[in-house]
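Peer 1: Residue numbering for the sequence shown follows UniProt numbering, beginning at 1 and increasing consecutively. Ideal placement from N, C-alpha and C gives every residue a C-beta, glycine not left out.
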Amino acid sequence: MRKAFLYLVAIMDWFTRKVLAWRISNMLEADFCVDALSEAIHKFGPSEIMNTDQGSQFTSFA
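#1: What separation, rounded to the nearest whole angstrom, lies between the Cα atoms of Gly-45 and Arg-17?
#2: Using a Cβ-Cβ cutoff of less than 6 Å, which residues in the same chain neighbour Val-19 once the five nearest sequence positions on both sides are dropped?
#3: Under three-state DSSP, which class holds Ile-41?
#4: Taking only runs of the beta strand (DSSP E) that begin and end inside the UniProt domain "Integrase catalytic" (1 to 62), which ones reach a length of at least 3 residues, in chain order?
#5: Between the C-alpha atoms of Asp-35 and Glu-48, what's the straight-line distance to the nearest angstrom?
#6: Would you kindly work out how many angstroms separate the C-alpha atoms of His-42 and Ser-56, rounded to a whole number?
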């Protein structure tokens, strides 16, 4: 069996700890992060604050 990494992004409400949207990918790219964020904004509206771990997929131009 081939070993590979899978990457998970979860958009979470810090107050309720509810996961608003999530995506999983086999490549660490900005696209799947943007997709998850877009889904969360579409379903729940934009938030006042967004915290990330400052990884390149969050700080790059997507």
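Peer 2: A quick look at the data gives this:
#1: 16 Å
#2: Ala-10 and Met-12
#3: helix
#4: 7 to 12 and 19 to 25
#5: 19 Å
#6: 24 Å
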